[in-house]
Amino acid sequence: MPSSSSDKTLRRAILDTARAVVVDQGYQALSMRRIASAIGYSATSIYLHFEGKDALLHALIEEGMQRLGRLLQRAASSDETPVVRLQRVCEAYIRFGLKNPEYYEIMFMLHPEHMKRFPPEKYRRARRNLEIIGKAIRNASTNGSASAEELLIRATGVWASLHGAVSLIIAHRIDSKIDQKELVERVVKNTVRGLSFTK
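Going by the numbering used here, 210 is the number at position 183 of the sequence shown; the sequence numbering is gapless.
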């Protein structure tokens with residue numbers, strides 16, 4: 028049976044509150060009771076939607092991955108040359124991180140010691156984002172014979188470079204003298220240039 032409008036509204040309120048609590052106060056501060064109090068519902072109502080706080084975090088990670096994936100796919104499908112499409116994919120990744128810092132922190136920077144492992148089926152769906160980057164690299168390459176392992180390494184290297192820029196910026200670790208837009212452009216340019224198919 029499809030969820031009612033009120034169920035969807037409650038689920039959205041739960042996720043938004045959980046995201047804010049984790050980012051502002053940390054994983055240890057997250058509890059179903061705290062969320063229930065913040066949104067004016069009983070803890071029992073929260074458990075009807077999520078079995079625990081780890082399920083909440085997993086839902087936030089998956090939601091963020093889906094949003095990121097849509098941006099990456101749109102960039103990868105743009106009507107431009109393959110190398111420019113790869114640049115657009117890189118730009119889309121950074122843009123997502125900077126516009127959605129709360130999601131980004133939970134997706135890639137949260138390391139709670141006791142959180143349950145991300146479910147395999149959710150991990151496989153999240154992995155598609157890395158596959159989009161890998162496909163963009165393959166399409167831009169003049170050497171189409173790169174192995175799947177090599178493409179994975181290249182895509183992960185690109186991801187690491189972009190993540191470094193995003194994490195430093197949202198953590199306010201960039202020197203104030205540096206123009207953020209120029210830094211992002213330089214990171215993208217250097218990341219793409221660092222791949223073997225471009226000069």
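Even glycine gets a Cβ: it sits at the ideal position worked out from N, Cα and C.
So, for residue i: in the same chain, excluding its five sequence neighbours on each side, which residues have a beta-carbon less than 6 Å away from its beta-carbon?
i    : result
L95  : F123, N156
E118 : V215
G91  : Y130, M134
Measuring alpha carbon to alpha carbon, tell me which residue in the options is nearest residue i.
i    : options                : result
A187 : E89, R39, N217, R60    : N217
A259 : H190, E158, L189       : An answer regarding residue 259 cannot be provided, because it is not within the stretch 28 to 226 covered by the chain.
E107 : H190, E177, N166, Q93  : N166
M134 : R61, V49, A65          : V49
V193 : K126, R154, S172, S168 : K126
I160 : Y68, I201, Y120, S72   : Y120
L113 : I164, S31, Y68         : I164
A182 : L99, S69, S33, F77     : L99
A65  : R151, A40, T169, R97   : A40
A227 : V111, K143, A70, L222  : The shown model of the chain, from 28 to 226, leaves out residue 227, and the question about it has no answer.
R151 : Q93, L189, R220        : Q93
V230 : Q207, V111, R220, E78  : Examination of residue 230 is not possible in this model, given that the chain is present from 28 through 226 alone.
Looking only at its own chain, which residues have a Cβ that is under 7 Å from the Cβ of residue i, when we skip the five neighbours before and after it?
i    : result
F145 : H85, I88
M149 : Before going further, note that residue 149 is Lys rather than Met in the sequence given. H85, E89.
P109 : N166, A167
K226 : Interpretation of K226 is limited by its pLDDT of 47, a score under 50 that renders its predicted location unreliable; no figure is taken from the coordinates.
Y74  : M59
Can you find the residues in the same chain that come closer than 8 Å, C-beta to C-beta, to residue i, ignoring five residues on each side of it along the sequence?
i    : result
L210 : A192, I196, I201
V116 : L99, A102, A103, I159, I160, A163
Given 8 Å, three or more beta-carbon pairs between the stretch 39-46 and the stretch 71-84: yes
Three or more C-beta pairs below 8 Å linking the stretch 134-141 and the stretch 99-111: no
Ranges of the alpha helix (DSSP H) found wholly within the stretch 91-140, counting only runs of at least 4: 109-126, 128-131
Entirely enclosed alpha helix (DSSP H) segments - the stretch 146-175, minimum 4 residues: 147-167
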